[in-house]
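4 protein chains.
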Amino acid sequence: MNFASDNVTGAHPAILDAMLAANDGAQPGYGNDPLTERVEARLREIFEHDDARMFLVATGTAANSLALSVLTPTHGSVLCHWTSHVYEDECGAPEFFTGGARLIPVDGPDGKLDTADLATKAAHGKGDVHMLQPSAATLTQVSELGTVYALDEIAAVAEVCRGHGLKLHMDGARFANALAALDCSPAEMTWKAGVDVLSFGATKNGALGCEAVIVFDPALAELLAFRRKRSGHLFSKMRILSAQMQGYLENDLWRANARHANAMAQRLHTGLGGIAGIEFPYPTEANMLFPKMADGMAAALQARGFKFYDNRWDAGVCRLVTAFNTREEDVDAFVDAARDVASSIDLGA
Amino acid sequence: MNFASDNVTGAHPAILDAMLAANDGAQPGYGNDPLTERVEARLREIFEHDDARMFLVATGTAANSLALSVLTPTHGSVLCHWTSHVYEDECGAPEFFTGGARLIPVDGPDGKLDTADLATKAAHGKGDVHMLQPSAATLTQVSELGTVYALDEIAAVAEVCRGHGLKLHMDGARFANALAALDCSPAEMTWKAGVDVLSFGATKNGALGCEAVIVFDPALAELLAFRRKRSGHLFSKMRILSAQMQGYLENDLWRANARHANAMAQRLHTGLGGIAGIEFPYPTEANMLFPKMADGMAAALQARGFKFYDNRWDAGVCRLVTAFNTREEDVDAFVDAARDVASSIDLGA
Amino acid sequence: MNFASDNVTGAHPAILDAMLAANDGAQPGYGNDPLTERVEARLREIFEHDDARMFLVATGTAANSLALSVLTPTHGSVLCHWTSHVYEDECGAPEFFTGGARLIPVDGPDGKLDTADLATKAAHGKGDVHMLQPSAATLTQVSELGTVYALDEIAAVAEVCRGHGLKLHMDGARFANALAALDCSPAEMTWKAGVDVLSFGATKNGALGCEAVIVFDPALAELLAFRRKRSGHLFSKMRILSAQMQGYLENDLWRANARHANAMAQRLHTGLGGIAGIEFPYPTEANMLFPKMADGMAAALQARGFKFYDNRWDAGVCRLVTAFNTREEDVDAFVDAARDVASSIDLGA
Amino acid sequence: MNFASDNVTGAHPAILDAMLAANDGAQPGYGNDPLTERVEARLREIFEHDDARMFLVATGTAANSLALSVLTPTHGSVLCHWTSHVYEDECGAPEFFTGGARLIPVDGPDGKLDTADLATKAAHGKGDVHMLQPSAATLTQVSELGTVYALDEIAAVAEVCRGHGLKLHMDGARFANALAALDCSPAEMTWKAGVDVLSFGATKNGALGCEAVIVFDPALAELLAFRRKRSGHLFSKMRILSAQMQGYLENDLWRANARHANAMAQRLHTGLGGIAGIEFPYPTEANMLFPKMADGMAAALQARGFKFYDNRWDAGVCRLVTAFNTREEDVDAFVDAARDVASSIDLGA
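If you want it as structure tokens, here you go:
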């Protein structure tokens, strides 16, 4: 009954099993082991890209910041949605890793970059020595408001980037959930659409702490390798990361987990959708939903033991997040409780 | 038969068990969970310090760099032994985390800081706006040459630091091994001897990827908390770290593991000590030994499948590292092989 | 006939004279000379503050960035108007000097901080380890839109800062012009109103390259001293700066220069104010004015040899800047030309 | 009678004249003026290099740090003599500008890089992700011990650099003095010998505060331009710098000044050379000399009003620096005083 985030869970059992299986025996450190190599090869297959390089780290903030650090000079700027994790939730890690490049907030409905505003800001100051040079953009797929960029929307963002000489990063902390929503291939959602570097998240979808920075331009790999070490994100016993990623990818666990989480979100949306006093300001496209509840409803539900955030968005807007292990009965319990609460509250004239 | 490092192993089974046990159930993220709190409380008991604060991270480089970053201003310098991990093996992570403070290499026999050289460098440029201001020192316990600072040696370093206004950090990547060697209390080896911040390593002694920065001055805690997040080292599913630390501390596993590794190192030293063509430039005090072998011996042993480094120290000097899971039979096999190799090599006049 | 900026001029003759007078004789380097000491003492008198400390540098960007660098930790943010020089015209120097703190753009009419928006952003994320910590604010006096904060407006900004634990910086690149506009004392416009650190500009008002960072909290002085050296802004032959400041302050040259520039701006405003096709979106309070001209007027005036910028603000808005050496006849010539151009242009129905 | 440094002087009159002459009239800011362009063109002629680019700044620390910042990645290291200004006298400015690259001190007699030690350190850690990557070297011409690299010595350093993929910077704070000593062309002493970027100093040889970063590889120019602005070293009224450089170069003033200073140093050396109790540990090749004086001599001379440093080198070693305006009579007065002091001191058995 905890819908606060998809990071409140432990690991999926299959991922724990992979960690156990990888524990035995001596292995070279720092990723020079066969398992890490196999995992990288597997990701190349999945992304249909022979030259892609993988850099495993343990947190999404590390993945995003390392990725951005190879896409901008220190005198550059990175365009991002104003709701994005890199802008709001990483305590300035992108600034730290980039040596003080600037994040420029971009507008756009439903948590997605507006390409007109993006283009304006991508052109701002270009070539003027007094001004930071727009160098990269980053989009969040699934967005922080639970929406999913369609393939043509990604392509439109990428086109603006190309036109202005910007590199494009995708924060895929919930990559699998977006992929499940679009039902397309990983390649289509990334490099084929114009993404240069991807943060491929696993932590929120069944791993314990594992993200892969995937670079589709091998020229960026050397810098990334040094930056990862220099920021303390190169693990000696890399197996703690590579085993998670192995378990995550095996048998398409990552896709199954995401489909389940998305389905639970739809079930929640459907259940809540018919309740008086609840409306949805954004579409529910992956595993997060943002019901706007009438006064008192959120508090009443929290008082019944349901956990979720309600204080970071517009008045009345709450966030519910489902995960790989969200149970139908918990979803239904929440819906029942919401209906019950709604019926007991005076919803105004 | 891999003596390359104590990071070639997986985790101790009890630590895996702790990770499995901690996996169930929803928990608040980012360390705001009961297990993390319990582990911090346990460390306070172990270190007999009510105000100590613990910051879990996954790598030693992160622990050291975060620790140093709260002990020096950007215009400061950090005095360290020229063999130290922070100077030689972290790709400039201390410079990155401190915003460009300088590491100043200090001399000293057997991998330990010479207090006279330390004092000279601690006084260098003090108060001169043209010069970096000596601000902190760091000592490595166990040192990179396998030696262990005696308690009065730590106190002597600390006294130099106090006299010159320097903070003192201890890189305890092999803290347990040193403690086992000295047979003293954790408090005696740290804050009672003048250490301000400790990198308390677990990875090399049975964990998979877990280190604790322990600060004995709570005034440093707030800055450390922000720096950990800002560098991407705050884990959402903190249980992946706190469970390791729990398993590590429970039933004094950490001490038992270290005693075993140290005993295996002594067994190796004893066995090799009597072999012609092998001598030891430094004493073997913990779980690393540095036999200097006659020409050809190292290569011959490596050809027989034994793994160890031989190319980073003086000519002929090799490094052998034992771990919590090093077996007596592997030690004996190495000694036997060394004896065999020695007998087949012409050791000169 | 160059109204592009107040930095297109050379130095006032009296300032050159001061530089010539200070040229003779050997002097200790790096500001340890009697002239620099006298200038600092004189500024203390002018600002009626016994503990104020002065740090001379040669550029406004250096002054602002050094000032901000002692007011925020690396994980902090600095609130500034979105039109401000630190945000728009310094190529990220504040980010560079602060180690990657973030500038947060604040709204407000006429180039001045809106205290409600300031308060909202000052509270944003406070105490949350995931978010940058609002640490300082900076206001620009004269603002980038030529307006001047009244004393109670400064006090209102300072009150928001105090209430949220923020330090307050004033970018006084045109300090003298603002002072002349308000006809108050330097102390009233700064520390008495709540300003902690001031960039006291001279370059735009008669010097060649000279700005003073003035700190009213002596506890910040040591850090500033090291930061100035570390950023290459400590001059060996400090007389090149201190002599300029001496000449600037002597006989109240700075005030006379500013009064003249402001008067020329008023004369321009008055002259242009009566011309059809010209209106003023902001009041003209110091030495910059922003006439909005009908289509074609700006180009026509530029074609006649008048220099000014017209492409950085809303459509049709131009910027005219007067300086200590702007001549009445040049002002009048511009007004005449504008009237002439206006009469020849079809201003629409 | 001040031999403390060549920065205790004011400017040469001809340089002041150039500043006065450049003061009139409105000019575009930030170096977009004809004078700056002419000065850059003149430097291209002097250095016989059509593509060289000039970046004027006001301090040697700024010049050196900006230069190094375009020659190394943040995970790089810069090899420098352990006596060098960048290592000892810039408060870590190179670390600040490079984003935390490391300066590695190199040995060598007489203040000059030993190529064997240079080569060892240039190879150290190359390609190892755990170690900083040697990326650049810097040599100081005139060295901090007053010696001058011969052309073949520069070439030998450059050859080591080329062989290990390092860029080469020359700190030419006393470039003119070295050139006068070698009697070669500027091109021969720089790019023809393998120098990539030069700090071309004028401040110590007759200017007030003016140094040029000269890059012989135009590909580095764009990054340098942004870095100069971002560090606050781009002057709005650039004429304050370009006029100095103009005056410095005109009529070969810079060469004449340096020849004079060098001649005065030789005169001092010759005069002191015959005095009992004085010896010279290093040759006097430019405008600095380092007499080692018997106990008490330095203090006695300082008591007579002569200013010079005596506390930064080996016991008894003093530094005397001559400048463009050092007078023969002052040199002779010093020699006479030294002879007098020597005769009154018991120089031991």
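Protein chains in written order, with the numbering used here: chain A, 722 to 1070; chain B, 722 to 1070; chain C, 722 to 1070; chain D, 722 to 1070. Heads up, the beta-carbon is just placed ideally off N, CA and C, and yes, glycines get one too. Here the structure is a predicted model, which is why all the values come from computation and not from measurement.
Cβ-based burial, T991 of chain A [other Cβ within 10 Å; buried from 16] = Counting from one through the first sequence, the residue named residue 991 of chain A turns up at place 270. With fewer than 16 Cβ atoms within 10 Å of its Cβ, T991 of chain A is classed as exposed.
Chain A partners of N728 of chain B, CB-CB under 8 angstroms?
-> As a working mapping, residue 728 of chain B is identified with position 7 in the second sequence. Ordered by position in chain A, the residues that pass the 8 angstroms Cβ test against N728 of chain B are G750, S957, K958.
So the alpha helix (DSSP H) G929 of chain A belongs to, where does it begin and stop?
-> As a first step, residue 929 of chain A is located in the first sequence; it is residue number 208 there, counting from the start. Note on residue identity: the sequence assigns Leu, not Gly, to residue 929 of chain A. DSSP places L929 of chain A outside any alpha helix (DSSP H), giving it a letter other than H or E.
DSSP on A902 of chain C, reduced to helix/strand/coil?
-> Translated into positions along the third sequence, residue 902 of chain C becomes position 181. Looking at A902 of chain C - three-state DSSP - the assignment turns out to be helix.
What number of angstroms, rounded off, separates the C-alpha of A779 of chain D from the C-alpha of G797 of chain B?
-> To locate residue 779 of chain D, count along the fourth sequence from 1; it is residue 58. To locate residue 797 of chain B, count along the second sequence from 1; it is residue 76. If you take the alpha carbons of A779 of chain D and G797 of chain B, they lie about 25 angstroms apart.
What residues of chain D sit near G695 of chain A, judged by a beta carbon separation below 7 angstroms?
-> No answer is possible for residue 695 of chain A: the residues shown for chain A start at 722 and end at 1070.
Bridge partner(s) assigned by DSSP for S920 of chain D | Stepping through the fourth sequence from its first residue, residue 920 of chain D is reached at position 199. According to DSSP, S920 of chain D bridges with D:D892, D:V934.
Buried or exposed: S1065 of chain A, going by 16 or more other Cβ atoms within 10 Å of its Cβ?
-> Position 344 of the first sequence, counting from 1, holds the residue named residue 1065 of chain A. Sixteen is the threshold: since fewer than 16 other Cβ atoms of the shown chains lie within 10 Å of the Cβ of S1065 of chain A, the residue is exposed.
Find out if the Cβ-Cβ distance for the pair C1039 of chain C, F1029 of chain C is shorter than 8 angstroms.
-> Translated into positions along the third sequence, residue 1039 of chain C becomes position 318. Translated into positions along the third sequence, residue 1029 of chain C becomes position 308. The answer is yes: Cβ separation under 8 angstroms.
Whose CA, out of D:A822, D:D772, D:L903, lies closest to the CA of P939 of chain D?
-> The count along the fourth sequence starts at 1 and reaches residue 939 of chain D at position 218. Looking at the Cα atoms, D:D772 is the closest of the given residues.
So is G813 of chain A in contact with chain C if we call contact Cβ pairs under 8 angstroms?
-> Mapped onto the first sequence, residue 813 of chain A falls at position 92. Answer yes: the Cβ-Cβ gap between G813 of chain A and chain C drops below 8 angstroms somewhere.
CB G998 of chain B to CB A1015 of chain B, shorter than 8 angstroms?
-> In the second sequence, residue 998 of chain B corresponds to position 277, counting from 1. In the second sequence, residue 1015 of chain B corresponds to position 294, counting from 1. For G998 of chain B and A1015 of chain B, yes; Cβs fall inside 8 angstroms.
Under 8 angstroms, do T1005 of chain D and A986 of chain D count as touching if we go by C-beta distance?
-> Numbered from 1 along the fourth sequence, position 284 holds the residue referred to as residue 1005 of chain D. Numbered from 1 along the fourth sequence, position 265 holds the residue referred to as residue 986 of chain D. Taking C-beta atoms as the reference points, T1005 of chain D and A986 of chain D count as a pair closer than 8 angstroms.
Secondary structure at Q1023 of chain C, three-state DSSP: helix, strand or coil?
-> One-based indexing of the third sequence puts residue 1023 of chain C at position 302. Q1023 of chain C falls in the helix class under three-state DSSP.
Compile a chain-ordered list of the residues in the region 790-823 of chain C whose CB is closer than 8 angstroms to at least one CB of chain B.
-> The residues in question are P794, T795, H796, G820.
L974 of chain A - containing alpha helix (DSSP H), residue span = Position 253 of the first sequence, counting from 1, holds the residue named residue 974 of chain A. Segment 974-994, the alpha helix (DSSP H) holding L974 of chain A.
Taking the Cβ atom as the reference point for each residue, do S920 of chain C and D892 of chain C lie within a distance shorter than 8 angstroms?
-> Taking the third sequence and counting its residues from 1, the one referred to as residue 920 of chain C is at position 199. Taking the third sequence and counting its residues from 1, the one referred to as residue 892 of chain C is at position 171. Going by C-beta atoms, S920 of chain C is nearer than 8 angstroms to D892 of chain C.
What's the C-alpha gap between G848 of chain C and M722 of chain C?
-> By 1-based counting over the third sequence, the position of residue 848 of chain C is 127. By 1-based counting over the third sequence, the position of residue 722 of chain C is 1. Looking at the two C-alpha atoms, the distance is approximately 53 angstroms.
Rounded separation between A977 of chain B and F1001 of chain B - CA only | Here residue 977 of chain B refers to the residue found at position 256 when the second sequence is read from its first residue. Here residue 1001 of chain B refers to the residue found at position 280 when the second sequence is read from its first residue. Those two C-alpha atoms are separated by around 26 angstroms.
Would you say E1050 of chain B faces chain D, with C-beta separation under 8 angstroms as the test?
-> Taking the second sequence and counting its residues from 1, the one referred to as residue 1050 of chain B is at position 329. E1050 of chain B has a beta carbon lying at 8 angstroms or more from every beta carbon in chain D.
How would you write the range of the alpha helix (DSSP H) that A876 of chain C sits in, first residue to last?
-> One-based indexing of the third sequence puts residue 876 of chain C at position 155. A876 of chain C -> alpha helix (DSSP H) spans 872-885.
Let me know the alpha helix (DSSP H) ranges lying completely inside the region 794-826 of chain B, each 4 residues or longer, listed in chain order.
-> Counting whole runs of 4 or more residues, the region 794-826 of chain B contains the alpha helix (DSSP H) stretches 806-809, 814-819.
List, in order along the chain, the chain B residues whose C-beta lies closer than 9 angstroms to that of H851 of chain C?
-> Taking the third sequence and counting its residues from 1, one reaches residue 851 of chain C at position 130. Listed by position along chain B, the residues whose Cβ is nearer than 9 angstroms to that of H851 of chain C are Y751, K950, L955.
Out of curiosity, what's the CA-to-CA distance linking R1060 of chain C and D1067 of chain C?
-> Taking the first residue of the third sequence as position 1, residue 1060 of chain C is located at position 339. Taking the first residue of the third sequence as position 1, residue 1067 of chain C is located at position 346. Spanning the two alpha carbons is a distance of roughly 13 angstroms.
DSSP state of I961 of chain D, grouped into three classes?
-> For the purposes of this step, residue 961 of chain D is identified with residue 240 of the fourth sequence, where counting begins at 1. Collapsing the DSSP output to three states places I961 of chain D in a helix.
Beta-bridge pairing of P907 of chain C - partner residues as DSSP gives them = Here residue 907 of chain C is taken as the residue at index 186 of the third sequence, counted from 1. Under DSSP, P907 of chain C forms no beta bridge with any residue.
For chain A, find out if any of its Cβ atoms is closer than 8 angstroms to the Cβ of D1053 of chain B; answer yes or no.
-> Start at 1 with the first residue of the second sequence, and residue 1053 of chain B comes out as number 332. False, the Cβ-Cβ gap to chain A never drops below 8 angstroms.
Whether Y1003 of chain D touches L839 of chain D by CB criterion (8 angstroms) | Within the fourth sequence, residue 1003 of chain D is the residue found at index 282, counting from 1. Within the fourth sequence, residue 839 of chain D is the residue found at index 118, counting from 1. Not a contact, by the Cβ cut-off of 8 angstroms.
Do you know whose CA, among D:W975, D:S957, D:L989, lies nearest G752 of chain D's CA?
-> Translated into the one-based positions of the fourth sequence, residue 752 of chain D becomes position 31. Nearest C-alpha to G752 of chain D: D:S957.
What are the start and end residues of each continuous beta strand (DSSP E) run of 3 or more residues lying completely inside the region 1000-1065 of chain A, in chain order?
-> Contiguous beta strand (DSSP E) elements confined to the region 1000-1065 of chain A do not occur, taking only those with 3 or more residues.
Starting from P855 of chain A, follow its DSSP beta bridges and name the residues at the other end.
-> Within the first sequence, numbered from 1, the residue matching residue 855 of chain A stands at position 134. Paired residues: A:S798.
Separation of L853 of chain D from E761 of chain C, as counted between CA atoms | Here the question's residue 761 of chain C lines up with position 40 in the third sequence. Here the question's residue 853 of chain D lines up with position 132 in the fourth sequence. So the two alpha carbons sit approximately 43 angstroms from each other.
Quickly, what does DSSP pair T861 of chain A with across the bridge? List them, please.
-> Along the first sequence, one-based indexing puts residue 861 of chain A at 140. According to DSSP, which records beta bridges pairwise, T861 of chain A is partnered with A:D892.
Is the beta carbon of M966 of chain B sitting closer than 8 angstroms to the one on D754 of chain B?
-> For the purposes of this step, residue 966 of chain B is taken as the residue at position 245 of the second sequence. For the purposes of this step, residue 754 of chain B is taken as the residue at position 33 of the second sequence. The answer is no: Cβ separation not under 8 angstroms.
Identify every residue that forms a DSSP beta bridge with V850 of chain B.
-> Within the second sequence, numbered from 1, the residue matching residue 850 of chain B stands at position 129. For V850 of chain B, which the question treats as bridged, DSSP gives no partner whatsoever.
Name, please, each residue of chain C whose Cβ falls closer than 7 angstroms to the Cβ of L741 of chain D.
-> As a first step, residue 741 of chain D is located in the fourth sequence; it is residue number 20 there, counting from the start. Per Cβ cutoff of 7 angstroms: L737.
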